[in-house]
Amino acid sequence: MKNKIANALSDFFYEYETPRQVLVRNRRVGVVCRLIQLGVLVYIIGWVFIYEKGYQSTDTAVSSVFTKMKGQGYTNVSGNEKVWDVADYVFPPQGDSSFVVMTNYIVTEGQRMGRCPEVCENAPTCCTDADCEEGSFKRQMTGVCANRTKTCEVLAWCPVEDDHNIPDPPLLMSAENYTLFIKNSVTFPLFDVTRSNLVEGINSSYIGKCLHDPEDAPLCPIFRLGDIVKLSGFNFETIARVGGAIGIVVDWTCNFDLHLKHCKPKYTFHGLYGNPAETDKAKASVGYNFRYARHYMENSVQKRTLYKVFGIRVDIIVQSLARKFDIIPTLTAIGSGVGIFGVATVVCDLVLLYLLPKREFYKHMKFKNTNTYAKVRSSHNPNTTPSPQKVTCDCDSCL
Amino acid sequence: MKNKIANALSDFFYEYETPRQVLVRNRRVGVVCRLIQLGVLVYIIGWVFIYEKGYQSTDTAVSSVFTKMKGQGYTNVSGNEKVWDVADYVFPPQGDSSFVVMTNYIVTEGQRMGRCPEVCENAPTCCTDADCEEGSFKRQMTGVCANRTKTCEVLAWCPVEDDHNIPDPPLLMSAENYTLFIKNSVTFPLFDVTRSNLVEGINSSYIGKCLHDPEDAPLCPIFRLGDIVKLSGFNFETIARVGGAIGIVVDWTCNFDLHLKHCKPKYTFHGLYGNPAETDKAKASVGYNFRYARHYMENSVQKRTLYKVFGIRVDIIVQSLARKFDIIPTLTAIGSGVGIFGVATVVCDLVLLYLLPKREFYKHMKFKNTNTYAKVRSSHNPNTTPSPQKVTCDCDSCL
Amino acid sequence: MKNKIANALSDFFYEYETPRQVLVRNRRVGVVCRLIQLGVLVYIIGWVFIYEKGYQSTDTAVSSVFTKMKGQGYTNVSGNEKVWDVADYVFPPQGDSSFVVMTNYIVTEGQRMGRCPEVCENAPTCCTDADCEEGSFKRQMTGVCANRTKTCEVLAWCPVEDDHNIPDPPLLMSAENYTLFIKNSVTFPLFDVTRSNLVEGINSSYIGKCLHDPEDAPLCPIFRLGDIVKLSGFNFETIARVGGAIGIVVDWTCNFDLHLKHCKPKYTFHGLYGNPAETDKAKASVGYNFRYARHYMENSVQKRTLYKVFGIRVDIIVQSLARKFDIIPTLTAIGSGVGIFGVATVVCDLVLLYLLPKREFYKHMKFKNTNTYAKVRSSHNPNTTPSPQKVTCDCDSCL
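Residue numbers (my numbering), protein chains in the order written: chain A, 1 to 399; chain B, 400 to 798; chain C, 799 to 1197.
In structure tokens, the structure reads:
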């Protein structure tokens, strides 16, 4: 028994099966088949491996972004000179990856809670108090019609903001010269690699004097706001007046089979929610503004200064794709490539067995039929002496 | 030599190998095998290709979200009427993808730095100064026991906030009627496609009058806060009182083999950190509140108004998955499908060679043994004239 | 006709092809081949299936984070005692996943718009008014040289901030004892699973008294700021003085083939943009600060208190990878594995047919040449009675 197992094992280890094959010597089939096989080979090696780098596994990064604006704005509204620094024009102040730079504003100073008439436009021009229904949805109507403005009186922060005229030219055109500093670090968890956008060669002294330029200084993390707007296809004065949203895409497409230092960010700029390159449909809603208030106390009365801020909203969008050699995708690609090779053989076989004139002959060569064999075999089993002709025939049928 | 290579090449190109096969005519094995092959075929075509769309490659999007709230709140606290507009109730004001809508608050007005007794609850009821240890961890104790309240005196913004009674009903129930406008643009970098949630047909005039409804207006990007709360399974009054977090999932599941216009967002709503559909375990921590302060100067003294804000935190979560035909996954699927076909053959062979009664016969048919052959060959090598019988036998063994 | 189709169908269903194979009994080739096959098998089962879990499909989560700081700071600047609570030291206040905890600051009180001399350092030491060119880029020069400070006069918020001396030790060293509470919920859309970081066993009472510790309380979502800083490799006093950025990675690596309760978050901490473990290159830009202003009115004059805030910026980074059994990757892995098995056979064949001494013999065994056969066949086609010897030879050539 033990012997038997040992025998079986040694049989298993010393033996090896390889499929028997017919070598069909036929120009047409041969060329067709070799071309198909060549095509599959070119596809696997050229496309899957070299072009699409199918031998690599991929990973996307988790990232963290910090931004810092620099520069001073200056406004002169009817002789009232004012300087705007970072604490005044960036929202929120703490350097998020998404922030707004104020470029224009409508200010309503000294608002206090009270009753005052609505601003004319949009408001109903009323005649009698009855028209000013109380407690309507959008505004808290008081039910009184103000004689002077012919609009309903409302309970609101008074005076009511009048935002019908957006300052033109924008008040903070000087925003064009602000600079933006982006710090971005990405981590590819699968490959355990962390990179910062301050790559090799981008040291403090370089940062101190460089300005991003797509061609001359593509790695400099300092951006002029005017350049960002221009590169994303907007006109600065337009976007500064009514506001707009711009995405700065930091693209980390890295191949970790090369040295780490080749893994560098690429910055691109494009408009969001209303890209000028898009068709009109995306323009359903352009402009960007929001309201914020500065509250204060004056003579024990709570007041606020309301700003309707028009600005450039900047979203830093980190996009990442890293690749590195990995045995599994490599072998999966090879394995499925071998499978497709098999498909090539199937196609050639179809040609061989169904299309060629000599197809019957090839079928004969390729297949051995258990049926025929069994018949023949049983026919000479009863120990009849076979004639030499019969042997040839037998042999023929078994080929 | 050159000739030889040319010959080898022409041999290579004009020849073609195809495996020789045994056609086993056996009902049982035939049916089993065909069924397995059919199963594999159905799996590959039906499941991998049609159901799971294995011929497509996938990509997730980078996205950018901008939000805008509209509506006015109204409070009447002991006759003190007040109106709340966007600048007052949204945090942060600039339209981030994650923001809070204030629905209830506890206000502590006119706080100034000083010494005052702790609020009763949670604080130790002390009798002697010795009990009020100085410099304790949570509060800056002064070491004095306030007689009036029987609590320790602390260095703090005075008066100390008393947040034991949350206003009920919530002060800003009117928040139910606020509307939220979402602008979302997504970019699929792999397919180089950018889409906005203002898809075809969603133009300014439609936005001006529509209100999101899961059935009637599923693409309208204007949402009523009350609807959002209801759709995520909360009761508005409860969530407005103690606060809560809601996720608005914008789902972009797109098939770019179809026309781009079929790529539309789907909005769903669900509670975060304490989904009512979850089991109790997720409810360990419900409610949502934070504190913020408005600072001001009064008579050269720095004061602040502290708000404990209860509100609805809304997170816009963009979820995306785009698919498009790609040659590589297609061929990988086909290739590995062919491989699985091979598995089918292996299974049938096992049945054929180890389970069937006539297994020895089939083994004989399938395998040619180099050993046997070599033996037979060597036996008639010494030029003995073989008898016809011997030839038959020889032929037999080689089949 | 109909019969014919029925026949073809029954043929198709009752027949089955299996490749004919040569059993090569050769120790060297056998062992080589079996070893290669064993290697492939070990790779597929051991590596792809067991180690890399190739039978599972993967998904990343969409997540939502809410944070809450607790604790009180205390400063005593030249006898002026002050207490700092959450509303004062966290930016933004509403509990975002990315926020800043103020640990040090330079305050410039009572700034108002006006003309005043630049602060000495960085500013040009001018002698005549001509040196102070008007309207320069960075500052709004007035063209006047201030005699007292020998610096140019500028239009600015006056007095100008002097940030040359960063308070040392940091003013809010007490920040070390602040605690951070993180609420995080993740949703894996592919598997339709939602998890919260308040997993089984983390209930309100546990949260009320626990403090995160990598070893003793790895699931407690309450973190001491000092611990976070220490675990990310920083020195608290240094980072508190000049600021810094720390990433808290919440890692959800889940295997949904196991019970859901095993899907737990893992918290790790590391420095961002200047990790101490990195080489010097990443340190090009360390420290973290931003400016923000509190505006107020005093005697109808708009004033502001400017803070240059140095602080610890905390980014909660959610990293997720869930796996679950899926039929498609399983069968793809098997299928491509079968393909690689085919490669093993190809390699063995190369050895057999090109390297072994008996290679001609094996070639003979493996291949049947249509050419030879056709020749032989045609030679005895003209009905010549073949001699027994010839038959043997014919049979030989066909083996």
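Even glycine gets a Cβ: it sits at the ideal position worked out from N, Cα and C.
Since the structure is predicted, the reported quantities are computational estimates derived from the model, not experimental observations.
Proximal residues of chain A, C-beta to C-beta of residue i below 7 Å
i	result
THR578 of chain B	The contacting residues do not exist; THR578 of chain B stays about 10 Å from chain A at best.
SER588 of chain B	According to the sequence displayed, residue 588 of chain B carries Pro and not Ser. Result: GLN319.
ARG768 of chain C	Only positions 799 to 1197 of chain C appear in this structure, which leaves residue 768 of chain C out of reach.
Given residue i as reference, the closest of the options once Cα atoms are compared
i	options	result
SER1030 of chain C	C:SER1002, C:VAL984, C:THR1066, C:GLN909	C:THR1066
TYR296 of chain A	A:ASN289, A:PRO357, A:ARG304	A:ARG304
SER896 of chain C	C:VAL1116, C:LEU1058, C:ARG832, C:LEU1104	C:VAL1116
LEU970 of chain C	C:PHE1139, C:TRP845, C:ILE848, C:GLY869	C:GLY869
ILE435 of chain B	B:LEU754, B:LYS452, B:GLY741	B:GLY741
LEU1056 of chain C	C:PHE1123, C:TYR903, C:GLY1041	C:PHE1123
LEU978 of chain C	C:SER1003, C:VAL899, C:SER862	C:VAL899
ARG241 of chain A	A:ASN203, A:TYR105, A:CYS116, A:ASN369	A:TYR105
CYS424 of chain A	A:SER78, A:CYS116, A:LEU23, A:TYR178	Lying before the first or after the last residue shown, residue 424 of chain A is absent from chain A, which here runs from 1 to 399.
GLY244 of chain A	B:VAL648, B:SER463, B:ASP650, B:VAL506	B:SER463
ILE1046 of chain C	C:PHE989, C:VAL1112, C:ARG913	C:VAL1112
THR250 of chain A	A:VAL309, A:SER205, A:LEU321, A:TYR74	A small fix is needed here, since residue 250 of chain A is Val in this sequence, not Thr. Here the closest residue by C-alpha is A:LEU321.
VAL447 of chain B	B:SER735, B:THR744, B:LEU754, B:LYS757	B:SER735
PHE1088 of chain C	C:PRO1155, C:VAL1099, C:GLU1096, C:PHE1108	C:PHE1108
GLY445 of chain B	B:ALA743, B:LYS757, B:ALA732, B:ASN768	B:ALA732
GLN510 of chain B	B:VAL482, B:GLY494, B:TRP651, B:CYS557	B:CYS557
Same chain, Cβ closer than 6 Å to residue i, five either side skipped, listed in chain order
i	result
ASN596 of chain B	ASN583, PRO620, PRO664
THR729 of chain B	TYR454
ARG993 of chain C	VAL984, CYS1061
VAL518 of chain B	VAL559, ASP561
VAL1161 of chain C	The sequence given here has Lys at residue 1161 of chain C, not Val. Around LYS1161 of chain C: LEU1151.
Contacts of residue i in chain C (Cβ-Cβ under 7 Å)
i	result
LEU751 of chain B	THR816
GLU441 of chain A	Past the boundaries of the shown model lies residue 441 of chain A; chain A is included only from 1 to 399, so the question cannot be answered.
SER497 of chain B	ASP894
Proximal residues to residue i (C-beta, below 8 Å), its chain only, five neighbours per side dropped
i	result
PRO93 of chain A	VAL86, ALA87
GLU278 of chain A	Its pLDDT being 45, under 50, GLU278 of chain A is placed unreliably in this model, and the value from its coordinates should be taken loosely. Closer than 8 Å at Cβ, skipping near neighbours: no residue.
LYS660 of chain B	VAL598, GLU599
ILE606 of chain B	PHE580, LEU597, CYS619, PRO620, ILE621
LYS452 of chain B	ASN654, ARG722
Exposed unless 16 or more other CB atoms sit within 10 angstroms - verdict on residue i
i	result
ARG722 of chain B	buried
ILE393 of chain B	This structure leaves residue 393 of chain B out entirely; chain B is present only between 400 and 798.
GLU360 of chain A	exposed
LYS68 of chain A	buried
ARG825 of chain C	exposed
SER972 of chain C	buried
PRO214 of chain A	exposed
SER409 of chain B	exposed
Beta-carbon proximity list for residue i, same chain, < 7 Å, skipping 5 on both sides
i	result
VAL1149 of chain C	VAL827, VAL830
LEU211 of chain A	ALA217, CYS220, ILE222, ARG224
GLU974 of chain C	LEU1023, GLY1024, PHE1034
SER777 of chain B	Reliability fails at SER777 of chain B, whose pLDDT of 45 lies under 50, so the model's placement of it is uncertain and no value is given.
Proximal chain B residues relative to residue i, where beta-carbon distance stays under 8 Å
i	result
GLY30 of chain A	PHE412, TYR413, GLU414, TYR415
Within chain B, the residues that residue i reaches when beta carbons sit closer than 7 Å
i	result
GLU153 of chain A	Those within 7 Å of GLU153 of chain A in chain B number zero; the least Cβ separation is about 13 Å.
ARG1092 of chain C	HIS694
ALA156 of chain A	VAL482
THR345 of chain A	THR417
Residues of the region 1111-1140 of chain C whose Cβ lies closer than 9 Å to any Cβ of chain A, in chain order: ARG1111, ASP1113, ILE1115, VAL1116, GLN1117, LEU1119, THR1130, ALA1131, GLY1133, SER1134, GLY1135, VAL1136, GLY1137, ILE1138, PHE1139, GLY1140
What residues in the region 877-893 of chain C bring their beta carbon closer than 9 Å to a beta carbon of chain B? ASN878, GLU879, LYS880, VAL881, ASP883, VAL884, ALA885, ASP886, VAL888, PRO890, PRO891, GLN892, GLY893
If you measure beta-carbon to beta-carbon, which residues of the region 837-850 of chain C are closer than 8 Å to chain B? none
Below 9 Å between beta carbons is the criterion; list the residues of the region 56-77 of chain A that meet it against any residue of chain B, in chain order. THR60
Between the region 233-245 of chain A and chain B, which residues of the former have CB atoms less than 7 Å from a CB of the latter, in chain order? ALA245
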